[in-house]
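Chains V, A and L supply the protein sequences, listed in that same order.
Take the first sequence: its position 127, counting from 1, is numbered 127 in our numbering, and each next residue is one higher.
Numbering-wise, our numbering comes out as the position in the second sequence, counting from 1, plus 1000.
Numbering-wise, our numbering comes out as the position in the third sequence, counting from 1, plus 2000.
Comments concern the structure below.
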Amino acid sequence: MNNQFSFSRVLLLLRKNLKENGKSYLLMFTAGFGIILLIYALLIVAGLHSMFPSGDRKMLFTIGLFLGGTLFSASFYSFFKSQPKTIQFLLLPATTGEKLLIGFILTQIVYIIVFLISFTSIDWFMCTIYNEFVSIPKWIIEQEKHYYKAVYLFNSDTVLIKQILVMYFITTSIAHLGSLSFINNAYVKTVILFILTVVTLIFFNNKILGLMIPEPIMPYGKYFTETFRIGSIQQPTGIVTLPKLWYSTIVWFLPIFIYLSCWTMSYLKIKEKQI
Amino acid sequence: MNFHSNKAIYIQIADLICEKILSKTFKEEERIPSVRELAIDLEVNPNTVMRTYEYLQDLHIITNKRGVGFFVNTYSIEKVTAYLRKEFMEQELPTLFKNMKILAVNINELEKLYHQYLQNNIKNSNEKK
Amino acid sequence: MIQFNNVSFGYSKQKLLYANINLELRAGSVYGLLGKNGAGKSTLLKLMAGLVYPQQGKLSVFDADPTKRDPSFMHEVFFIPEEIDTPSIHVLDFGAEHMPFYPKFNNDQFLHYLKEFDIPMTNLNTMSFGQKKKVWIAMGMASNASLIILDEPTNGLDIPSKRMLRKLIATVLNEDTCIIISTHQVKDLDSLIDKIILVDEGEIIVNTDTESITEKLVFKLSPNISTTDQYLYYETSLAGHLIVKERSLEDEATKLDLELFFNAGINNKNGIKQLFN
Chain V
1 MNNQFSFSRV
11 LLLLRKNLKE
21 NGKSYLLMFT
31 AGFGIILLIY
41 ALLIVAGLHS
51 MFPSGDRKML
61 FTIGLFLGGT
71 LFSASFYSFF
81 KSQPKTIQFL
91 LLPATTGEKL
101 LIGFILTQIV
111 YIIVFLISFT
121 SIDWFMCTIY
131 NEFVSIPKWI
141 IEQEKHYYKA
151 VYLFNSDTVL
161 IKQILVMYFI
171 TTSIAHLGSL
181 SFINNAYVKT
191 VILFILTVVT
201 LIFFNNKILG
211 LMIPEPIMPY
221 GKYFTETFRI
231 GSIQQPTGIV
241 TLPKLWYSTI
251 VWFLPIFIYL
261 SCWTMSYLKI
271 KEKQI
Chain A
1001 MNFHSNKAIY
1011 IQIADLICEK
1021 ILSKTFKEEE
1031 RIPSVRELAI
1041 DLEVNPNTVM
1051 RTYEYLQDLH
1061 IITNKRGVGF
1071 FVNTYSIEKV
1081 TAYLRKEFME
1091 QELPTLFKNM
1101 KILAVNINEL
1111 EKLYHQYLQN
1121 NIKNSNEKK
Chain L
2001 MIQFNNVSFG
2011 YSKQKLLYAN
2021 INLELRAGSV
2031 YGLLGKNGAG
2041 KSTLLKLMAG
2051 LVYPQQGKLS
2061 VFDADPTKRD
2071 PSFMHEVFFI
2081 PEEIDTPSIH
2091 VLDFGAEHMP
2101 FYPKFNNDQF
2111 LHYLKEFDIP
2121 MTNLNTMSFG
2131 QKKKVWIAMG
2141 MASNASLIIL
2151 DEPTNGLDIP
2161 SKRMLRKLIA
2171 TVLNEDTCII
2181 ISTHQVKDLD
2191 SLIDKIILVD
2201 EGEIIVNTDT
2211 ESITEKLVFK
2221 LSPNISTTDQ
2231 YLYYETSLAG
2241 HLIVKERSLE
2251 DEATKLDLEL
2261 FFNAGINNKN
2271 GIKQLFN
């Protein structure tokens, strides 16, 4: 057996993980699926005589994706509560990278695929039911009838799927790191720490920018955005815009940086884990 | 196996093997259990059994035939008897004498009991026949 | 096989549990690791397995650094902790999921040991603590790892299982393996242990084989204590005095009384250390 990365060992680890946790994964899936199904059913019952609300469905999609994903990631290493299981995990003859990859595959790939497939199928199924059974009130004029047709969520162009996915990957990798860092109540602790960090960042960003840019130039103490105004609010003398390249680089750089740091830190956490 | 006596365990195992040779459970020129077999059977460390076998080899009671195993030597009964006799004389007799002295047991008394024992023994074996 | 060179370790930097210890363990033996509660026996075992990292010094196990956690190192080590926790899967699946990670794992042996231990072929979650522990022990022994570490293996085992465990250890020990057992119940395993490591208050008091202990010391029950003899240690009860003293030429070798030796080592550290180091 070599000490380099071995793909067959990853498959073995994955099989072991699924075998040992398959039941609880299935239970979690059924619960999530059931909740979404239930809410959809309520929406249909409430909406048979009116429009099928797409906003509520988008919310459900986002909340389901985030809440489910972060809960799953934050509980991924909950077995660290048990010392024998931790010993077994740490001493299992596989490299740290291979062990980390299992968490990566399950939280970053498998979860999202399973969620997208099940949500889309529920959505598709429910839209079909709605379209089949909707009774349009008589007073609705012909031109407005198309509002009474449910559109599949993924056909509508207002879902910010790209942004949501980026946010999903970032929050779940933070949750995954939290699961490695906190043994008890990993989820709650990570959320609190995350909120504290964001609030502090925003606060200091504001403060520091306020220090760098004098009061008359930026009267309300803005924090990072793409532009800020020069001059008083009544009579601006100009607007400073960040160079386009900067802005687009930061938009890419920041998420990737956070993402990679989370996974590097997770790797080190497992590597340095002592019990 | 319970090692009750205060002798070192490897000696107790040696005594056990000697008893087996005297009772003909292990016959002359026959193979005795391997180190591991005996260790598993007696629940002791194989190294201890190895030490017993080395000890018995030094006493010329058993021989190691390379690759085959350990065998009881010819004329080993005489050697075993001599060994056990020496052990008895050097270790068990002094304890007996000590107790005799404390309890004021007369040697003649002992002699009488010993003869009685021998007679009973002969009677018993005759009855069996 | 295992070499500690000036290793220091503590769970916090200020309070070291072990300071500059030196220790060598060789293959082909069953080591008994003895020490009081909280003396750091488990920690020493964890150091060897790479579950905790030394703060200072060098520790090598089969010429590898355990803290690297290389698979080639870990498949030669099997650690059976005192407490046992298993996933809720069938015992055979449990074995099957571990087997591919240990190149020398022998499934026939695993099944045989399970049978000898009287393990039912069911899901692990229906098993008692002792049964789960025996499954781990069977798996550890079947892994044919070179270093098998057992932390309090007889805790939770019934009487026939303790007997089976002794037979198992005698079965798997060979010149390339090293079995390390930390235990409080010395009587359970004393016929198997042939090397003793005694730790107390962060130091290694003794690391020696049972043969040299019985060469250097006699253990016996004596009705009275003479004032002229130098005893290393003795315990008094109505039955008499259990004594440990240096063996002189006329003394017969006696059986090693591990409990008595342990007490002697704890209570007369210097006396024992002088004799064995």
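Built from N, CA and C at the ideal position, the CB exists for glycine as well.
Can you list the residues of chain L that Thr172 of chain V reaches, using a CB-CB cut of under 8 angstroms? On the first sequence, position 172 is the one that residue 172 of chain V refers to. Those do not exist, as Thr172 of chain V stays about 24 angstroms from chain L at its closest Cβ, beyond 8 angstroms.
Should Arg2166 of chain L and Glu1043 of chain A be called a contact, given that it needs their Cβ atoms to be closer than 8 angstroms? As a first step, residue 2166 of chain L must be located in the third sequence, where it is residue number 166. As a first step, residue 1043 of chain A must be located in the second sequence, where it is residue number 43. Less than 8 angstroms divides the Cβ of Arg2166 of chain L from the Cβ of Glu1043 of chain A.
Enclosing alpha helix (DSSP H) for Phe2276 of chain L [first to last residue]: Within the third sequence, residue 2276 of chain L is the residue found at index 276, counting from 1. Run containing Phe2276 of chain L: Lys2269 to Phe2276, per the alpha helix (DSSP H) assignment.
Taking Thr1081 of chain A as the reference, which of A:Leu1016, A:Leu1118, A:Lys1007 and A:Ser1005 has the closest Cα? If you number the second sequence from 1, residue 1081 of chain A lands on position 81. Closest in C-alpha terms to Thr1081 of chain A, from the list A:Leu1016, A:Leu1118, A:Lys1007 and A:Ser1005, comes A:Leu1016.
List the whole-angstrom C-beta distance separating Ser2161 of chain L from Phe2110 of chain L, where the pair is believed to meet the contact cut-off of C-beta under 8 angstroms. For this step, residue 2161 of chain L is matched to residue 161 along the third sequence. For this step, residue 2110 of chain L is matched to residue 110 along the third sequence. In this structure Ser2161 of chain L does not touch Phe2110 of chain L by the C-beta definition: roughly 16 angstroms separates them, more than the 8 angstroms allowed.
Do Gln274 of chain V and Tyr2053 of chain L have their C-beta atoms closer together than 8 angstroms? Translated into the one-based positions of the first sequence, residue 274 of chain V becomes position 274. Translated into the one-based positions of the third sequence, residue 2053 of chain L becomes position 53. Cβ distance < 8 angstroms, so Gln274 of chain V and Tyr2053 of chain L count as in contact.
Compute the distance between the beta-carbons of Phe1070 of chain A and Arg1031 of chain A, then report whether it is under 8 angstroms. By 1-based counting over the second sequence, the position of residue 1070 of chain A is 70. By 1-based counting over the second sequence, the position of residue 1031 of chain A is 31. Cβ atoms of Phe1070 of chain A and Arg1031 of chain A: closer than 8 angstroms.
Could you give the distance in angstroms between the alpha-carbon of Ile2119 of chain L and the alpha-carbon of Gln2131 of chain L? Position 119 of the third sequence holds residue 2119 of chain L. Position 131 of the third sequence holds residue 2131 of chain L. Rounded to the nearest angstrom, the two C-alpha atoms are 6 angstroms apart.
DSSP-derived helix/strand/coil call for Arg2026 of chain L: By 1-based counting over the third sequence, the position of residue 2026 of chain L is 26. Arg2026 of chain L: coil per DSSP, three-state reduction.
Could you tell me whether the segment 139 to 157 of chain V touches the segment 173 to 180 of chain V, using the rule of 3 or more Cβ pairs below 8 angstroms? The answer is no - the segment 173 to 180 of chain V does not touch the segment 139 to 157 of chain V, with fewer than three Cβ pairs under 8 angstroms.
Using beta-carbon positions only, say whether Leu60 of chain V and Ile44 of chain V come within less than 8 angstroms of one another. Position 60 of the first sequence, counted from the first residue, corresponds to residue 60 of chain V. Position 44 of the first sequence, counted from the first residue, corresponds to residue 44 of chain V. Not a contact, by the Cβ cut-off of 8 angstroms.
Identify every residue that forms a DSSP beta bridge with Asp2200 of chain L. The residue you call residue 2200 of chain L lines up with position 200 of the third sequence. Per DSSP, the beta bridge partners of Asp2200 of chain L are L:Glu2203.
Compare the beta carbon distance of Tyr148 of chain V and Cys127 of chain V with 8 angstroms and say whether it is the shorter of the two. Along the first sequence, read from residue 1 onward, the residue named residue 148 of chain V stands at position 148. Along the first sequence, read from residue 1 onward, the residue named residue 127 of chain V stands at position 127. If you check the CB distance, Tyr148 of chain V and Cys127 of chain V do not come in under 8 angstroms.
Drop a sphere of 10 angstroms on the beta-carbon of Trp2136 of chain L, count the other beta-carbons inside from all chains shown, and report buried for 16 or more, exposed for fewer. By one-based count along the third sequence, residue 2136 of chain L stands at place 136. Buried.
Would you identify the three-state DSSP class for Thr2210 of chain L, choosing helix, strand or coil? As a first step, residue 2210 of chain L must be located in the third sequence, where it is residue number 210. Residue state, collapsed to three classes: helix.
Chain L residues whose Cβ lies nearer than 7 angstroms to that of Gln274 of chain V: Working through the first sequence from its first residue, we reach residue 274 of chain V at position 274. Residues of chain L passing the Cβ test: Leu2051, Val2052 and Tyr2053.
Taking the alpha carbon of Leu12 of chain V as the reference point, which residue from L:Glu2097, L:Leu2124, L:Leu2260 and L:Leu2189 has its own alpha carbon closest? Numbered from 1 along the first sequence, position 12 holds the residue referred to as residue 12 of chain V. Minimum Cα distance to Leu12 of chain V is reached at L:Glu2097.
Spell out a yes or no on whether the segment 2183 to 2194 of chain L and the segment 2149 to 2158 of chain L are touching, meaning 3 or more CB-CB pairs, one atom from each, closer than 8 angstroms. The segment 2183 to 2194 of chain L and the segment 2149 to 2158 of chain L touch, with no fewer than 3 CB-CB distances between them shorter than 8 angstroms.
Can you tell me where the alpha helix (DSSP H) holding Val188 of chain V begins and where it ends? As a first step, residue 188 of chain V must be located in the first sequence, where it is residue number 188. First-last of the alpha helix (DSSP H) with Val188 of chain V: Ala186 to Met212.
Tell me the rounded alpha-carbon separation between Leu1022 of chain A and Glu1054 of chain A. On the second sequence, position 22 is the one that residue 1022 of chain A refers to. On the second sequence, position 54 is the one that residue 1054 of chain A refers to. Rounded to whole angstroms, Leu1022 of chain A to Glu1054 of chain A spans 19 angstroms at the Cα level.
Would you verify that the beta carbon of Asp2070 of chain L is, or is not, closer than 8 angstroms to some beta carbon of chain V? Against the third sequence, residue 2070 of chain L aligns to sequence position 70. Interface residue, yes.
Residue ranges of each alpha helix (DSSP H) within the segment 2155 to 2200 of chain L, 4 or longer: Every alpha helix (DSSP H) stretch that sits fully inside the segment 2155 to 2200 of chain L and reaches 4 residues is listed by chain position as 2159 to 2172 and 2186 to 2189.
Evaluate Arg1051 of chain A with the Cβ neighbour count: other Cβ atoms within 10 Å of its Cβ, from every protein chain shown; 16 or more gives buried, anything less gives exposed. If you number the second sequence from 1, residue 1051 of chain A lands on position 51. Result: buried.
Note down the Cα distance separating Phe125 of chain V from Phe115 of chain V, rounded to an integer number of angstroms. By one-based count along the first sequence, residue 125 of chain V stands at place 125. By one-based count along the first sequence, residue 115 of chain V stands at place 115. Spanning the alpha carbons of Phe125 of chain V and Phe115 of chain V requires a straight line of approximately 15 angstroms.
Within chain V, the residues that Pro2081 of chain L reaches when beta carbons sit closer than 8 angstroms: On the third sequence, residue 2081 of chain L is found 81 positions in, with the first residue counted as 1. Those are Gln83, Pro84 and Ile87, listed as they occur along chain V.
Could you tell me which chain L residues have their CB closer than 7 angstroms to the CB of Ala94 of chain V, listed as they occur along the chain? The residue you call residue 94 of chain V lines up with position 94 of the first sequence. Pro2071 and Phe2101, listed in chain order.
With DSSP as the reference, label Ala1104 of chain A as helix, strand or coil. Position 104 of the second sequence, counted from the first residue, corresponds to residue 1104 of chain A. It is coil, neither helix nor strand.
Buried or exposed: which applies to Lys2013 of chain L, given that a residue is buried once 16 or more other Cβ atoms fall within 10 Å of its Cβ? In the third sequence, counting from the first residue as 1, residue 2013 of chain L sits at position 13. Per the 10 Å Cβ criterion, exposed.
Restricting to Cα atoms, I'd like to know which of L:Leu2168, L:Leu2147 and L:Gly2038 is closest to Ala1039 of chain A. Taking the second sequence and counting its residues from 1, one reaches residue 1039 of chain A at position 39. Out of L:Leu2168, L:Leu2147 and L:Gly2038, L:Leu2168 has the C-alpha closest to the C-alpha of Ala1039 of chain A.
Can the beta-carbon of Lys2068 of chain L be found closer than 8 angstroms to that of Asn2005 of chain L? Start at 1 with the first residue of the third sequence, and residue 2068 of chain L comes out as number 68. Start at 1 with the first residue of the third sequence, and residue 2005 of chain L comes out as number 5. At the C-beta level, Lys2068 of chain L and Asn2005 of chain L stay beyond 8 angstroms of one another.
Quick one: which chain L residues come within Cβ less than 8 angstroms of Asn1048 of chain A? The residue labelled residue 1048 of chain A in the question sits at position 48 within the second sequence. Note that residue 1048 of chain A is Thr in the sequence shown, not Asn. Within 8 angstroms Cβ-Cβ: Ser2191 and Asp2194.
8 angstroms Cβ cutoff met for Thr1048 of chain A and Ile1009 of chain A: The residue you call residue 1048 of chain A lines up with position 48 of the second sequence. The residue you call residue 1009 of chain A lines up with position 9 of the second sequence. Yes.
Between the C-alpha atoms of Thr200 of chain V and Ile192 of chain V, what's the straight-line distance to the nearest angstrom? Along the first sequence, one-based indexing puts residue 200 of chain V at 200. Along the first sequence, one-based indexing puts residue 192 of chain V at 192. About 12 angstroms.
Sorry if obvious, but does the Cβ on Phe2004 of chain L come closer than 7 angstroms to a heavy atom of the ligand COA? This structure does not include the ligand COA; it has no bound ligands of any sort.
How big is the Cα-Cα spacing for Glu142 of chain V and Val10 of chain V? Counting from 1 along the first sequence, the entry for residue 142 of chain V is found at position 142. Counting from 1 along the first sequence, the entry for residue 10 of chain V is found at position 10. When rounded, the distance between both Cα atoms is 59 angstroms.
Evaluate contact between the segment 46 to 57 of chain V and the segment 81 to 98 of chain V, counting only Cβ atoms and requiring at least three cross-stretch pairs below 8 angstroms. Judged by Cβ distances under 8 angstroms, the segment 46 to 57 of chain V makes no contact with the segment 81 to 98 of chain V, as fewer than three pairs qualify.
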